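Numbering (this note's numbering), first residue to last: 1134 to 1244. Data block below; observations after.
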(Lines of atoms letter the chains of each structure in order from A and count residues from 1; the text may use other names and numbers.)
(Lines give C-alpha, C1' and ligand atoms only; values in the text may rest on other atoms or scores of the structure.)
Protein backbone atom coordinates (compact mmCIF):
# COMPACT_ATOMS: atom_id res chain seq x y z
CA UNK A 1 0.00 0.00 0.00
CA UNK A 2 1.36 3.38 -0.97
CA UNK A 3 0.82 6.90 0.27
CA UNK A 4 1.18 10.01 -1.86
CA UNK A 5 2.87 13.17 -0.66
CA UNK A 6 3.48 16.65 -1.95
CA UNK A 7 7.23 17.26 -1.89
CA UNK A 8 9.61 19.95 -3.03
CA UNK A 9 10.81 19.41 -6.62
CA UNK A 10 14.39 18.29 -7.22
CA UNK A 11 14.88 17.36 -3.58
CA UNK A 12 16.41 14.00 -2.73
CA UNK A 13 14.82 13.62 0.67
CA UNK A 14 11.27 14.09 1.88
CA UNK A 15 11.00 17.90 1.93
CA UNK A 16 7.31 18.31 2.77
CA UNK A 17 5.39 21.53 3.22
CA UNK A 18 4.02 21.95 6.73
CA UNK A 19 0.58 23.44 7.21
CA UNK A 20 -1.25 24.99 10.12
CA UNK A 21 -4.11 22.69 11.09
CA UNK A 22 -5.75 24.83 13.73
CA UNK A 23 -4.65 22.50 16.55
CA UNK A 24 -1.00 22.52 15.52
CA UNK A 25 1.11 21.86 12.48
CA UNK A 26 0.42 19.03 10.04
CA UNK A 27 1.93 17.24 7.11
CA UNK A 28 -0.42 16.01 4.40
CA UNK A 29 -0.76 12.45 3.10
CA UNK A 30 -3.03 11.41 0.26
CA UNK A 31 -4.61 8.04 -0.42
CA UNK A 32 -4.39 8.44 -4.19
CA UNK A 33 -2.06 10.13 -6.65
CA UNK A 34 -5.02 11.77 -8.40
CA UNK A 35 -6.22 13.47 -5.22
CA UNK A 36 -2.70 14.62 -4.39
CA UNK A 37 -2.29 16.02 -7.90
CA UNK A 38 -5.63 17.84 -7.73
CA UNK A 39 -4.69 19.38 -4.36
CA UNK A 40 -1.27 20.34 -5.72
CA UNK A 41 -2.82 22.26 -8.61
CA UNK A 42 -5.78 23.70 -6.64
CA UNK A 43 -3.41 25.22 -4.09
CA UNK A 44 -0.91 26.48 -6.69
CA UNK A 45 1.93 24.50 -5.13
CA UNK A 46 2.77 22.90 -8.48
CA UNK A 47 5.43 25.49 -9.35
CA UNK A 48 7.80 24.28 -6.65
CA UNK A 49 6.32 20.92 -5.61
CA UNK A 50 5.31 17.58 -7.08
CA UNK A 51 3.51 14.42 -6.05
CA UNK A 52 5.69 11.57 -4.81
CA UNK A 53 4.76 8.02 -3.86
CA UNK A 54 5.92 6.66 -0.50
CA UNK A 55 5.98 3.07 0.69
CA UNK A 56 4.63 2.14 4.11
CA UNK A 57 8.16 2.06 5.56
CA UNK A 58 8.94 5.49 4.09
CA UNK A 59 5.70 6.86 5.52
CA UNK A 60 6.67 5.63 8.99
CA UNK A 61 10.09 7.29 8.62
CA UNK A 62 8.43 10.53 7.48
CA UNK A 63 6.05 10.47 10.45
CA UNK A 64 8.92 9.81 12.88
CA UNK A 65 10.88 12.73 11.45
CA UNK A 66 7.82 14.99 11.59
CA UNK A 67 7.22 13.99 15.21
CA UNK A 68 10.85 14.72 16.10
CA UNK A 69 10.45 18.16 14.48
CA UNK A 70 7.41 18.94 16.65
CA UNK A 71 4.75 18.42 14.00
CA UNK A 72 1.69 16.98 15.72
CA UNK A 73 -0.62 15.80 12.95
CA UNK A 74 -1.06 14.11 9.62
CA UNK A 75 -3.95 15.42 7.53
CA UNK A 76 -5.25 12.57 5.37
CA UNK A 77 -6.49 13.56 1.89
CA UNK A 78 -7.61 17.07 2.84
CA UNK A 79 -9.86 19.26 0.75
CA UNK A 80 -8.38 22.65 -0.17
CA UNK A 81 -11.38 24.74 0.89
CA UNK A 82 -11.76 23.05 4.23
CA UNK A 83 -8.03 23.31 4.95
CA UNK A 84 -7.93 27.02 4.16
CA UNK A 85 -10.90 27.78 6.42
CA UNK A 86 -9.48 25.67 9.26
CA UNK A 87 -12.56 23.44 9.38
CA UNK A 88 -11.62 20.16 10.98
CA UNK A 89 -9.93 17.83 8.53
CA UNK A 90 -9.25 14.17 9.08
CA UNK A 91 -6.30 14.77 11.39
CA UNK A 92 -4.39 11.88 12.87
CA UNK A 93 -2.16 12.61 15.86
CA UNK A 94 1.29 11.44 14.80
CA UNK A 95 2.40 10.35 18.26
CA UNK A 96 -0.58 8.09 18.99
CA UNK A 97 -0.62 6.74 15.42
CA UNK A 98 3.04 5.68 15.75
CA UNK A 99 2.39 4.25 19.22
CA UNK A 100 -0.51 2.14 17.88
CA UNK A 101 1.69 0.88 15.04
CA UNK A 102 4.46 -0.02 17.48
CA UNK A 103 2.02 -1.89 19.72
CA UNK A 104 0.65 -3.87 16.75
CA UNK A 105 4.15 -4.68 15.58
CA UNK A 106 5.22 -5.82 19.05
CA UNK A 107 2.15 -8.04 19.31
CA UNK A 108 2.96 -9.71 15.97
CA UNK A 109 6.62 -10.19 16.86
CA UNK A 110 5.86 -11.62 20.30
CA UNK A 111 3.23 -14.14 19.14
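Positions of the beta carbon are idealized from the N, C-alpha and C atoms, including for glycine. This one's a predicted model, so the numbers in the text were calculated from it and none came from an experiment.
Beta-carbon proximity check, residue 1139 vs residue 1180, cutoff 7 Å: Contact check for residue 1139 against residue 1180 fails: the beta carbons are separated by 7 Å or more.
Cα-Cα separation, residue 1235 to residue 1196: Taking the straight line joining both Cα atoms gives about 13 Å.
Hey, out of 1187, 1156 and 1164, whose CA is closest to residue 1209's CA? Cα-wise, what sits closest to residue 1209 is 1164.
I'd like to check one pair, residue 1160 with residue 1199: are the Cβ atoms closer than 7 Å? Yes; because the gap between Cβ atoms is below 7 Å, this pair is in contact.
Confirm, please, whether the CB-CB distance from residue 1186 to residue 1135 is below 7 Å. Closer than 7 Å, so yes.
Along the chain, where does the alpha helix (DSSP H) that runs through residue 1192 open and close? Per DSSP, residue 1192 belongs to the alpha helix (DSSP H) from 1189 to 1201.
Quick one: what does DSSP say residue 1231 is sitting in, helix, strand or coil? Judged by DSSP in its simplified three-state form, residue 1231 adopts helix.
Taking C-beta to C-beta, are residue 1148 and residue 1141 nearer than 7 Å? A contact, by the Cβ cut-off of 7 Å.
Taking all protein chains shown into account, do 16 or more other C-beta atoms lie within 10 angstroms of the C-beta of residue 1182, making it buried, or fewer, making it exposed? Buried: at least 16 other Cβ atoms inside 10 Å.
So, residue 1170 versus residue 1184, is the Cβ gap smaller than 7 Å? Against a cut-off of 7 Å, the Cβ pair of residue 1184 and residue 1170 comes out as a contact.
Please determine, among 1178, 1239, 1203 and 1212, the residue with the shortest C-alpha to C-alpha distance to residue 1168. Nearest to residue 1168 by alpha-carbon distance, out of 1178, 1239, 1203 and 1212, is 1212.
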